[in-house]
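Residue numbers (my numbering): 22 to 562.
We treat Cβ as the ideally placed atom computed from N, Cα and C, and that holds for glycine.
Quick caveat, the model's predicted, so the values are computed rather than measured.
The next block holds one structure in the form of structure tokens; read it before the comments.
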RNA sequence: GGUGCUAUCGUCUAGUGGCCUAGGACAACGGCCUCUCACGCCGUAAACCCCGGUUCGAGUCCGGGUAGCACUACCA
């Protein structure tokens, strides 16, 4: 019988969603879509002490931004959280009643017991016995319903004494876990401890119990999660068995971890701060500890680039293809092509992906994304210099901005970088790059510029922007009218083309950089070009 | 310490016993293009953790080392 594919992403609202978690969500999503199944989102908030306000919204918004769609459970819809599906509630904190039933079932069937040991007592035990483990060897020395008379247990509970329910792990049994990525994993139950399943202190189960109960009730067919869960997978198998659900137990797939780019170990929040790149999809303001974490979205990343980048960190298709759309990923993804070993987070590759996807966007789209950045930059300059340097009237038209963006986009990886590449279009140079001057500003340059100024003054406003496209050998060459004016003049006086043009460039840009000079003069216009020329001539005497 | 997982260029990876003189991509380096800086294009350098075994033949299978990582909570 073919079981309907139902997978879930079950984050904990303890802060911003880590990029590794995003990848787990992505793989779940790809798997669900490929099999025409359901992608669920469930919130695992069974640790009341670690709850962070806003984390849930953050997680849902991040997935929404990335295009990782949710079919059931909690999801974001136009900025509002909505719940869909008939297997709810989808927040574990709202499922207390359900867990009570199953805790009782385990207690009644003898698969679990009640324990009263306080944290302090447990600590003492750990200090006393090296490698202490609460299990078959030690549980009879502890304060629990296995060692105490039933009426005493009832009395303590009635008194309001805090207790936990522990899973009774049978010793010396080889537990087999079939993993879709790693094959058969066998672990002896002796190394498992009697895990806490439920704590009366906050009337909530722990992850292990809630996870099994929910996956069963929500009819999850495949559990795709990080490798850090592999060691507890045998416990989960035992739990399914204790409930009598082994026949409908989901399949497991444990994903390799995302590692630090330098050194070793799991990628952590700290690494982002330390190495200067985001480890979260969106910027997050943690209300609990007041920290702010940078995000991919705010850093100028395109969601499709983040998806592509993440997809290839631990998975690879059959060929040499690197660029994948979400639809292609859905088609090509397969768990047996997921690597077994951890992947160091290659931030440089991420930048490259963003560059690729940026080039695929239209100039108009990029201009729209760049507009807020531009406005902000211009306003800070304006306040700093009392608007002396703003040369381009007040507003830049969308059309004009798209044109500018088109000239420089191939040299940036991120939208905000457009400013560094295009700032001279909006602000006249106030100083001239020393290195460029040293190399390109010659003794004759002031005289050359003087003559060039005179020459350019003769060009009509109309001719200034004129150009024609020459097509030959599939190459499109733009011949500008100004080119036809200036080049003969250079040739006639036997000036060096490089010498004149570079000096001219410095006058307009302030440095030896930027797109083709006639593109610059076109955008700047005659008036502004000549003004910058005059300013430079007097400044660089 | 215990248990488990993993091991190909600096990084992500292709490789499922002969197609491997180990392929691609990022990064690095060099060249070309060019009025500049970039982009782009072309090229260079760069890896099978070690030791055994199986086999006519091993990066690929097996065993043992070694190393890295994860887990070892009334966290998830």
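Expected contact under 8 Å - CB spacing of residue i and residue j to nearest Å
| i | j | result |
| --- | --- | --- |
| residue 120 | residue 219 | 7 Å |
| residue 17 | residue 43 | This structure leaves residue 17 out entirely; the chain is present only between 22 and 562. |
| residue 126 | residue 264 | 7 Å |
| residue 476 | residue 554 | The Cβ separation is near 11 Å, so there is no contact. |
| residue 260 | residue 229 | 7 Å |
| residue 436 | residue 387 | 7 Å |
| residue 368 | residue 252 | At roughly 29 Å, the Cβ-Cβ gap does not stay under 8 Å, so residue 368 and residue 252 are not in contact. |
Neighbour-count burial assignment, residue i, 16 or more Cβ in a 10 Å radius
| i | result |
| --- | --- |
| residue 165 | buried |
| residue 540 | buried |
| residue 318 | buried |
| residue 148 | exposed |
| residue 222 | exposed |
| residue 335 | buried |
| residue 381 | exposed |
| residue 341 | exposed |
| residue 309 | exposed |
| residue 519 | exposed |
| residue 568 | Residue 568 is absent from the model: the chain starts at 22 and stops at 562. |
| residue 129 | exposed |
| residue 563 | Given a span of 22 to 562 for the chain in the structure shown, any question on residue 563 remains unanswerable. |
| residue 150 | exposed |
| residue 537 | exposed |
| residue 293 | buried |
| residue 478 | exposed |
| residue 59 | buried |
| residue 500 | exposed |
| residue 67 | buried |
| residue 313 | exposed |
| residue 511 | buried |
Cut-off 6 Å between Cβ atoms - residues of its own chain near residue i, not counting five sequence neighbours on either side
| i | result |
| --- | --- |
| residue 185 | 136, 217, 220 |
| residue 485 | 547 |
| residue 459 | none |
| residue 427 | 384 |
| residue 138 | 163, 164 |
| residue 108 | 239 |
| residue 363 | 277, 278, 280 |
| residue 65 | 31, 33, 113 |
| residue 322 | 375 |
N-terminal and C-terminal residue of the alpha helix (DSSP H) that residue i is part of
| i | result |
| --- | --- |
| residue 176 | 171-179 |
| residue 347 | 347-353 |
| residue 237 | 228-238 |
| residue 525 | 518-530 |
| residue 155 | Counting along the chain, residue 155 falls outside any alpha helix (DSSP H), and DSSP gives it neither H nor E. |
| residue 274 | Element bounds for residue 274: not the alpha helix (DSSP H) but the beta strand (DSSP E), 272-276. |
| residue 429 | 419-429 |
| residue 208 | Here residue 208 belongs to no alpha helix (DSSP H); instead the beta strand (DSSP E) covers 204-209. |
| residue 556 | 538-560 |
| residue 484 | 482-485 |
| residue 304 | Neither: residue 304 is in no alpha helix (DSSP H) and is coded neither H nor E. |
| residue 54 | 40-55 |
Span of the beta strand (DSSP E), counted from its first residue to its last, around residue i
| i | result |
| --- | --- |
| residue 27 | 27-30 |
| residue 188 | 185-188 |
| residue 134 | 133-136 |
| residue 245 | 243-247 |
| residue 220 | 217-220 |
| residue 95 | 93-98 |
| residue 199 | 195-200 |
| residue 67 | Taken as a continuous stretch (DSSP letters only), residue 67 belongs to no beta strand (DSSP E), as it is neither H nor E. |
| residue 258 | Per DSSP, residue 258 belongs to no beta strand (DSSP E); it is in the alpha helix (DSSP H), 254-264. |
| residue 104 | 101-105 |
| residue 476 | Note, residue 476: premise wrong, no beta strand (DSSP E); alpha helix (DSSP H) at 466-478. |
| residue 59 | 59-62 |
Own chain partners of residue i with C-beta closer than 7 Å, once the 5 adjacent residues on each side are dropped
| i | result |
| --- | --- |
| residue 46 | 30, 84, 89 |
| residue 234 | 119, 120, 123 |
| residue 197 | 205, 207 |
| residue 461 | 523, 524, 527, 533 |
| residue 174 | 135, 166 |
Close beta carbons around residue i, own chain, < 8 Å, minus the five adjacent residues each side
| i | result |
| --- | --- |
| residue 284 | none |
| residue 110 | 104, 116 |
For the structure I just gave you, are there three or more beta carbon pairs, one from the region 526-546 and one from the region 436-456, closer than 8 Å? yes
State whether the region 228-246 contacts the region 22-42, with contact taken as three or more CB pairs (one from each stretch) at a distance under 8 Å. yes
Should the region 291-310 be called in touch with the region 29-45, which here means at least 3 C-beta pairs below 8 Å? yes
Are at least three pairs of beta-carbons, each pair with one atom in the region 339-358 and one in the region 51-69, less than 8 Å apart? yes
Is the number of C-beta pairs between the region 262-271 and the region 354-370 that are closer than 8 Å three or more? no
Would you check if there are 3 or more beta carbon pairs closer than 8 Å linking the region 357-377 to the region 80-91? no
Report yes or no: do the region 154-174 and the region 187-199 share at least 3 C-beta pairs separated by less than 8 Å? yes
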